[in-house]
Amino acid sequence: MDKTVELEILGLSSNHSQSGSFTLVMGEVGGIRRLPIVIGMFEAQAIAIEIEKIVPNRPMTHDLFKAFSSNFNFSIEQILISEMKEGVFFAKIVCRNSSKSIEVDARPSDAIAIAVRFDAPIFCAESVMSEAAIEFNEEEEKKESKKPSKASRQGSVTSGKLADSLKDFSLDKLNQLLDEAIGNEDYERAARIRDEINKRN
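Note that the sequence shown covers residues 1 to 201 in the UniProt record's numbering.
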């Protein structure tokens, strides 16, 4: 079985390149890698309201799942982001009752929305982290934060170019843009650059 890494939710922000979608940033517990995942608006809302402990007037789908589990006496052991195929993430919800443990296939967004309701740990296969995670150096963040005007100018210029096509950039330039995006904590842009680099490797 593939080695796994525990993750925690670091942030949730609207995705400017895809209307109606959000970027969920997961961080490696005790590490420097970040895993950005693009999710839908409904799932982003489901995760956000549970993190903020907002109680909706009527149960949402993920609340309904929790009610079922409570009434049928099964619990959620963990969530596992198990695979990544052609840029799409796959996950499993590991459920347990008194007699057995089973794995249920799920989209990562739904699995994470359920994890926050059960206070269940979230793991990711090391193979997925190796392919899709972005390393984040806190020292770089401190350096960038001292010169925000330059960083913001760089971001506005490169974002426009990226919107046209990442295919026009050399691999060296892509790695440079990736470093800039990480320094600016622009995980959405970093994820797009990462995907283009992975296509060429």
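Where is the CB? At the ideal position from N, CA and C, for every residue including glycine.
Distance between Thr23 and Ser13, taken at the CA atoms: about 5 angstroms. By the CB criterion at 8 angstroms, Val29 and Asn15 fall outside the cutoff. A distance below 7 angstroms between beta-carbons, with the five flanking residues on each side excluded, links Ala48 to the following residues of its chain, in chain order: Leu12. Residue Ala113 holds the alpha-carbon nearest to the alpha-carbon of Met60 among Lys92, Val88, Ala113.
Where Ala67 is concerned, the enclosing alpha helix (DSSP H) starts and stops at 61 to 71. In terms of CA proximity to Leu171, Asn198 leads the group Arg189, Ser82, Glu180, Asn198. Taking all protein chains shown into account, Leu80 has 16 or more neighbouring C-beta atoms within 10 Å of its C-beta and is therefore buried. Listed as beta-bridge partners of Gln176 by DSSP are no residues whatsoever.
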